[in-house]
Amino acid sequence: MKVLVATEKPFAKVAVDGIREVVEKNGYELALLEKYTDVNDLYAAVADADAMIVRSDKVTKEVLDHAKNLKIVVRAGAGYDNLDLEACTAKGVVAMNTPGQNSNAVAELVMGMLVYCVRNFYNGKSGSELMGKKLGLLAYGNVGRNVARIAKGFGMEVYAFDQFLTKEQIEADGIAKGAASRDALFETCDIVSLHIPATAETKLSINYDVVNKMHKGGILVNTARKEVIDEAGLLKLMAERTDLKYICDVMPDADAEFKAFEGRYFATPKKMGAQTEEANINAGLAAANQIADFFKTGNKRFQVNK
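To convert, count from 1 in the sequence shown and add 1356; that's the working numbering.
Okay, structure coming up:
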């Protein structure tokens, strides 16, 4: 049984060593394809693989067509829009993610970017504080819960809305106040942090009308996916409302246009949410353990395709 780790952006060595230990302890062979630049290298590497671990690497129908033995692919991370789920299902390949492993890393980045933002990106001018501000979390999953935990330490008033949770379920957590709707979250909060996946329902959903509901001086934070933002609408709104700020861990397609709003916009040069040594190790080991469990017991707990 061969497990392929295919990572254009490699895991840290300590993570690879841990993955190897899990794989070989279970009697499987580990194959590594790191820093590849040609998709044909991936096609060749996956040809005889029974399982595959990827990070942000795209697992397309073409990749799967070359993977004659593949039974499972695990995305080491929470988001899995780089996996062609329809093609995986058609080929009988189980697709999984590793939810929760990167959550604290992303949450700490949210708060770090917020401090940077309210202090005017450290330009030497007087800024403001997070204490007492109302923070809204759009989705209250693993990342949202960690953001709420940290924000509480800052003395922030935390609200959340999640379409899969009731207001009462959120409030029972003891940290966040449930909002009645997405729109109510934007109307109530000084800062809104996005933690929604990119789905048919959510793509372009954060648009001109929704963001325009925010208080004067509002800050929109996006560490989710760039596809959820209606960039044209947000650009138009920021041109009209000089009080709004947008900070993100997912550089927009219209980055050059957003840069015109100097002092009100910041994007990391590449997605940094899970870029910590700890998250790197956690996600990699979780992926390896999930593969071993799948082969030994058939466990499909984190399957994301049907």
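Cβ coordinates follow ideal geometry from the N, Cα and C atoms, glycine included.
In the DSSP assignment, N1502 falls within the alpha helix (DSSP H) that extends over 1498-1509.
In this structure G1488 is exposed. Its beta-carbon is surrounded by fewer than 16 other beta-carbon atoms within 10 angstroms. Secondary structure of N1636 (DSSP, three-state): helix.
In the same chain as E1587, and ignoring 5 residues on each side of it, the C-beta atoms closer than 7 Å to its own belong to P1608, D1609, A1610, in chain order.
A direct Cα-to-Cα measurement between F1542 and Q1646 gives close to 38 Å. The beta-bridge partner set that DSSP reports for N1578 consists of L1550, C1604. For E1390, the secondary structure class from DSSP, reduced to helix, strand or coil, is strand.
The closest CA to that of L1590, considering only T1579, F1617, A1580, D1605, is found on F1617. In the three-state reduction of the DSSP assignment, L1426 falls in the coil class. Burial state of S1459 is buried, judged by a 10 Å Cβ sphere holding 16 or more other Cβ atoms. At a Cβ-Cβ threshold of 8 Å, I1547 and I1526 do not count as neighbours.
With respect to L1600, M1570 sits close: the two C-beta atoms are nearer than 8 Å.
Unbroken alpha helix (DSSP H) runs of no fewer than 4 residues, entirely contained in the region 1418-1493, are found at 1441-1447, 1459-1474, following chain order.
Sequence-distant Cβ neighbours of T1632 in its own chain, meaning closer than 7 Å and more than five residues away, are A1461. Sequence-distant Cβ neighbours of K1391 in its own chain, meaning closer than 7 Å and more than five residues away, are E1364, P1366. In the three-state scheme derived from DSSP, where H, G and I count as helix and E and B as strand, E1380 is classed as helix. Approximately 4 Å separates the beta-carbon atoms of L1493 and G1500; this is inside 8 Å, confirming the contact.
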